[in-house]
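Here the structure comes first, spelled out in structure tokens, and everything after it is commentary.
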Amino acid sequence: MARSLITLPERVTRGQSFTVRTLLQHPMESGFRVGADGRVLPRDIVRRFRCLYDGELVVEVELFPAVAANPFFEFSVRAVDSGTLLFEWEGDQGFRHREQRALSVA
Amino acid sequence: MKVPRPLERRRLLAAACAVLWLRPAQATPEALADALREYTGGAPLREGRVRLDIAPLVDNGNTVPVSVSVPGVSPEQVQALALFSERNPRSDVLRVVFGPRAGERVLTTRMRLATSQQLVAVARLADGGHWAQRVDVVVTLSACLE
Numbered sequence: 040m041a042r043s044l045i046t047l048p049e050r051v052t053r054g055q056s057f058t059v060r061t062l063l064q065h066p067m068e069s070g071f072r073v074g075a076d077g078r079v080l081p082r083d084i085v086r087r088f089r090c091l092y093d094g095e096l097v098v099e100v101e102l103f104p105a106v107a108a109n110p111f112f113e114f115s116v117r118a119v120d121s122g123t124l125l126f127e128w129e130g131d132q133g134f135r136h137r138e139q140r141a142l143s144v145a
Numbered sequence: 006m007k008v009p010r011p012l013e014r015r016r017l018l019a020a021a022c023a024v025l026w027l028r029p030a031q032a033t034p035e036a037l038a039d040a041l042r043e044y045t046g047g048a049p050l051r052e053g054r055v056r057l058d059i060a061p062l063v064d065n066g067n068t069v070p071v072s073v074s075v076p077g078v079s080p081e082q083v084q085a086l087a088l089f090s091e092r093n094p095r096s097d098v099l100r101v102v103f104g105p106r107a108g109e110r111v112l113t114t115r116m117r118l119a120t121s122q123q124l125v126a127v128a129r130l131a132d133g134g135h136w137a138q139r140v141d142v143v144v145t146l147s148a149c150l151e
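First to last, the protein sequences are chains A and B. My numbering puts the first sequence at residues 40 to 145. My numbering puts the second sequence at residues 6 to 151.
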């Protein structure tokens with residue numbers, strides 16, 4: 040099970056934008072490196088990251104091997120109503136990780 | 006002193022050539038131009054509007070903070086952002102699509118840099134226009150891609 044770290048403000052004001060940071064534990068093996076046995080290490084990257092706010096899209100990111108290990112994203116969300124933020128990561132070799140956070144809008 | 010026999014020298018030369026030839030795959034400026042053309046769908050790419058923030062001198066290419074934003078353009082006007090590299094094994098770095106709940110159009114992440122090169126950030130606006138900024142970075146320690 041992958042681990043992730045998500046930072047968002049405790050309380051936000053309606054109509055304002057706020058910053059969310061996400062960090063996922065993942066090697067992001069590029070598929071270009073050669074291992075100790077001389078073989079190319081198979082690619083194992085996170086290919087897609089998505090953030091949904093009450094089912095509506097905030098951002099969707101398509102990742103390539105050039106994204107560093109433990110992919111980190113910082114982006115901005117527009118506060119509309121109290122609800123949940125859903126974070127989804129999908130990648131090679133059936134990788135899948137989901138997290139949810141409650142958001143309170145004042 | 007022993008003089009190297011011709012066969013040995015030939016082998017040595019062949020080995021040296023093989024090492025040079027087996028360098029890791031690398032994107033080229035042409036591959037970058039192709040990737041940009043593919044992303045814009047052949048539409049013209051103009052300079053400006055989008056901003057790419059990255060340190061001009063990078064000590065360690067394994068994890069380099071980079072930020073793409075579109076200052077001075079109202080957020081609803083910006084549909085998508087993308088980042089491309091000139092000399093990483095692949096030209097693509099990442100592509101971002103903004104949904105109805107996105108706030109400011111900015112994305113910060115950390116990337117790998119295989120060597121000193123040019124990076125290109127592209128913004129796609131609602132009117133169909135594509136804007137770019139190109140930044141040159143110098144890398145002292147490359148990301149281990151080999």
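Even glycine gets a Cβ: it sits at the ideal position worked out from N, Cα and C.
Here the alpha carbons of B/V111 and B/D132 stand approximately 19 Å from one another. For B/T114, the closest of B/W136, B/T68, B/S147 by C-alpha to C-alpha distance is B/T68. Not flagged as an interface residue toward chain A: B/L146, since no C-beta distance is shorter than 8 Å.
At least one CB of chain A lies nearer than 8 Å to the CB of B/V101. Here the alpha carbon of A/I45 sits roughly 27 Å from the alpha carbon of B/V63.
Residue pairing from DSSP leaves B/P61 without any beta-bridge partner.
Chain-order list of chain A residues neighbouring B/E109: S56, S115, by C-beta distance under 8 Å.
Going by DSSP, A/L62 is part of the beta strand (DSSP E) stretching over 56-63. Residue burial annotation: A/R135 is exposed, with fewer than 16 other C-beta atoms found within 10 angstroms of its C-beta. Taking every protein chain shown into account, the CB of B/N65 has fewer than 16 other CB atoms within 10 angstroms, so this residue is exposed. Taking B/T33 as reference, the option from B/P80, B/G53, B/T120, B/P76 with the minimal CA-CA separation is B/T120.
Proximity of B/D97 to chain A, defined by a Cβ-Cβ separation below 8 Å, is satisfied. In this structure, B/V55 lies near B/A128, with their beta-carbon atoms less than 8 Å apart. Between the alpha carbons of A/L102 and A/C90 lies a gap of roughly 14 Å. Judged by DSSP in its simplified three-state form, B/A40 adopts helix. Look at B/Q82 here: in three-state DSSP terms it is helix. Using a Cβ-Cβ cut-off of 8 Å, A/L80 does not count as an interface residue toward chain B, since no Cβ of chain B sits closer than that to its own.
Under the Cβ criterion of 8 Å, B/N93 is counted among the residues facing chain A. Residue pairing of A/F114 in beta bridges, as defined by DSSP: A/V59. Put simply, of B/R139, B/L146, B/H135 the residue whose alpha carbon is nearest the alpha carbon of B/V78 is B/H135.
Residues F57, A118, V144 of the same chain have their beta carbon placed closer than 6 Å to that of A/V51, with the five preceding and five following residues left out of the count. DSSP lists B/D141 as the beta-bridge partner residues of B/Q123.
Counting only the Cα atoms, A/T123 lies some 22 Å from A/M40.
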